[in-house]
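Student: Residue numbers (this note's numbering), protein chains in the order written: chain B, 6 to 255; chain U, 6 to 255.
Note that CB positions come from ideal geometry on N, CA and C, so glycine has one too.
2 protein chains.
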Amino acid sequence: MLSRLQIILNNPKDKHLNFNISSLLQGIIMEQISYAFATELHNGSRQPYSHYVEFESDQIIWNIQTLTQTAYEQIIAPMMQESMQSIYIRHKNLELSIQDRILEQCSYDQLRKERYFTDGSRIQTIHFVSPTAFKSQGEYVFYPSVHFLFQSLMMKYDACSDDADLFGREVMEHFEENVKVIRYKLRSYSFQLEGTRIPSFLGEITIKINGPQALVNLADYLLAFGEYSGVGIKCGIGMGAYKLDERKRG
Amino acid sequence: MLSRLQIILNNPKDKHLNFNISSLLQGIIMEQISYAFATELHNGSRQPYSHYVEFESDQIIWNIQTLTQTAYEQIIAPMMQESMQSIYIRHKNLELSIQDRILEQCSYDQLRKERYFTDGSRIQTIHFVSPTAFKSQGEYVFYPSVHFLFQSLMMKYDACSDDADLFGREVMEHFEENVKVIRYKLRSYSFQLEGTRIPSFLGEITIKINGPQALVNLADYLLAFGEYSGVGIKCGIGMGAYKLDERKRG
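#1: Could you list the residues in the stretch 181-195 of chain U with a C-beta less than 7 Å from some C-beta on chain B, going in chain order?
#2: Considering just the uninterrupted stretch of the alpha helix (DSSP H) at threonine 130 of chain U, what are its terminal residues?
#3: Going by DSSP in three states, glutamine 79 of chain B sits in which element: helix, strand or coil?
#4: Which word fits serine 205 of chain U, buried or exposed, when buried means at least 16 other C-beta atoms lie within 10 angstroms of its C-beta?
#5: Please determine whether the Cβ atom of glutamine 129 of chain U lies at a distance below 7 Å from any heavy atom of the ligand NAD.
#6: Can you give the beta carbon distance from tyrosine 57 of chain B to valine 176 of chain B, rounded, assuming they're within the 8 Å contact cut?
#7: What's the gap between the Cα of serine 193 of chain B and the Cα of leucine 154 of chain U?
#8: Taking all protein chains shown into account, decide if tyrosine 93 of chain U is buried (16 or more other Cβ within 10 angstroms of its Cβ) or exposed.
#9: Please report the residue range of the beta strand (DSSP E) in which aspartate 105 of chain U lies.
#10: May I ask you to report which of helix, strand or coil DSSP gives isoleucine 242 of chain B?
#11: Taking 8 Å as the cut-off, decide whether the C-beta atoms of isoleucine 4 of chain U and leucine 22 of chain U are in contact.
#12: So, helix, strand or coil for methionine 6 of chain U, using DSSP?
#13: Are the CB atoms of glycine 243 of chain U and leucine 7 of chain U within a distance shorter than 8 Å?
#14: According to DSSP, simplified to helix, strand and coil, what is glutamate 87 of chain U?
#15: Within a Cβ cutoff of 6 Å, which residues of the same chain sit near leucine 108 of chain U, ignoring the five residues on either side of it in sequence?
#16: So, with DSSP's three-state summary, where would you put histidine 179 of chain B?
#17: Give me the Cα-Cα distance between valine 186 of chain B and glutamate 78 of chain U, rounded to the nearest whole angstrom.
#18: According to DSSP, glutamine 64 of chain B sits in a beta bridge with which residue or residues?
#19: Serine 55 of chain U: buried (16+ other C-beta within 10 angstroms of its C-beta) or exposed?
#20: Please say whether glycine 241 of chain B and glutamine 52 of chain B have beta carbons closer to each other than 8 Å?
#21: Tell whether a beta-carbon distance below 8 Å holds between glycine 208 of chain B and tyrosine 189 of chain B.
#22: Measuring straight from C-alpha to C-alpha, what distance separates serine 62 of chain U and leucine 14 of chain U?
#23: Expressed to the nearest angstrom, what Euclidean distance is found between the alpha-carbon atoms of glycine 233 of chain B and tyrosine 113 of chain B?
#24: With a 10 Å radius around its C-beta and 16 neighbouring C-beta atoms as the bar for buried, classify arginine 120 of chain B as buried or exposed.
#25: Considering only C-alpha positions, which residue in the set B/Ile12, B/Ala76 and B/Ser27 is nearest to alanine 41 of chain B?
#26: Give the secondary structure of glycine 173 of chain U by DSSP, where H, G and I count as helix, E and B as strand, and everything else as coil.
#27: DSSP three-state label for glycine 208 of chain U, please.
#28: Within the same chain, show all residues whose beta-carbon is closer than 6 Å to that of histidine 96 of chain U, passing over the 5 residues directly before and after it, in chain order.
#29: Please report how far the alpha carbon of lysine 253 of chain B lies from the alpha carbon of aspartate 163 of chain B, in whole angstroms.
#30: Less than 6 Å between C-beta atoms, sequence neighbours within five positions excluded: which residues of the same chain meet that for lysine 140 of chain U?
#31: How many whole angstroms separate the CB atoms of proline 136 of chain B and phenylalanine 60 of chain B, which I take to be in contact at a CB cut-off of 8 Å?
#32: So, helix, strand or coil for serine 150 of chain B, using DSSP?
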């Protein structure tokens, strides 16, 4: 099960909050979960959740996304409790009141039906809405490429989905051969995290997927999954969120 | 001798002119030059001029830049004649009146003195002000990289400067090892040229140059030269112009 909880918070204008509060909000998530699950997260290679913040003039939309049923129960369910009426960020001595909660859920089966077994568009626009980065050979990569994008999504999918190891090197090669970036608008961003700065990027790219329709559908499915998982590094600390341009579908 | 003539033209608002008039303006340049020089340009591998347009609300600034004395005499000198009071673009039946002309000149010696024999900054911001692209293995490359940027500048410098073959593979390797893009803000642009569309980019990058100061100075000198030559493909048709951020120098 894929789940997305949007928690609508008030945005105190005088505080000038930005993406850098993400790591403090991760602290809130960590306070909710059980010791056993925290240990599992800490020791495991898979990260069954992501989260990110969006800023509107008077609202902060905090998106918490889980990729498994267990993660839903551990992370999202506690945040759904009506007794929780505000989020307190200790580090900033800041209380953000919860104005609304919106929960969306989608099973892997449903996503497959909508995105893999329905013909997708060969043109996809990906809006990176939180600072995004990849890591390669020990260095941060702060621009998107077909290789880093699909490699990251495939790894996240295989780690958390019901399917065991759907993707492999061969599929990666098909993506690299057939997917091209045809338009972009990107800028670098220096993401502050616990005293260090991670070079990252924001913006959008439009890709074109050539080759057989089955590959287009597979890309479409994987990209739709990625809206829940995020892409690249530190999606559990607010990085790597993207949205697909739904207007261009179909 | 490096020369830059800025021709200030009126900008007819109802015409919505954009970068795509560059190839028509190249036609104007070609009309001025001698048959012998046109033949030389056509047959030669070196292109001793570049040009590009900048748009302001009521003005178009047409920048014509030459890299040799001959190119100055053939291309810029005719444009300096006071009898020429307007530019007529036949293809659009459009007359643009000349409001002003500004000529800047700089010898290679002077540029060397200012940029190579004076310590330059390790941080350089490059603003790509006309659509820019590179070509590699038969394909357009519509993003900047240290490799494409410096390779192109080195080739243009060696083709047109007083020095014979200043640059080689070794220098290229030094640049690739020591120069990193640390910030960027870029977007793709589809440049229309004689019925085809060339994928290109606009925007800015900030680079950091590590290594010995001599390498920093060499990069500084080469980048300053590139403000006259342009970078990448089709600088003679209005592509590849950039400006360095002078505020950040020193």
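Tutor: Let me spell this out:
#1: Arg188, Tyr189, Lys190, Leu191, Arg192 and Ser193
#2: From DSSP, threonine 130 of chain U is part of no alpha helix (DSSP H) but of the beta strand (DSSP E) over 128-137.
#3: helix
#4: buried
#5: With respect to the ligand NAD, the structure shown offers nothing to examine, as it has no ligands at all.
#6: Actually they do not touch by this definition, with Cβ atoms about 27 Å apart.
#7: 19 Å
#8: exposed
#9: 99-111
#10: helix
#11: Since the displayed chain U opens at 6 and closes at 255, residue 4 of chain U lies outside it and no answer follows.
#12: coil
#13: no
#14: coil
#15: Leu10
#16: helix
#17: 43 Å
#18: B/Asn15
#19: buried
#20: yes
#21: yes
#22: 11 Å
#23: One point to set straight first is that residue 233 of chain B is tyrosine, not glycine, in the sequence displayed. Distance between the alpha carbons of tyrosine 233 of chain B and tyrosine 113 of chain B is about 11 Å.
#24: buried
#25: B/Ala76
#26: coil
#27: strand
#28: Leu29
#29: Confidence in lysine 253 of chain B is poor, its pLDDT being 49 and thus under 50, which makes the residue's placement too unreliable to answer from.
#30: Ile238
#31: About 13 Å; that fails the 8 Å criterion.
#32: coil
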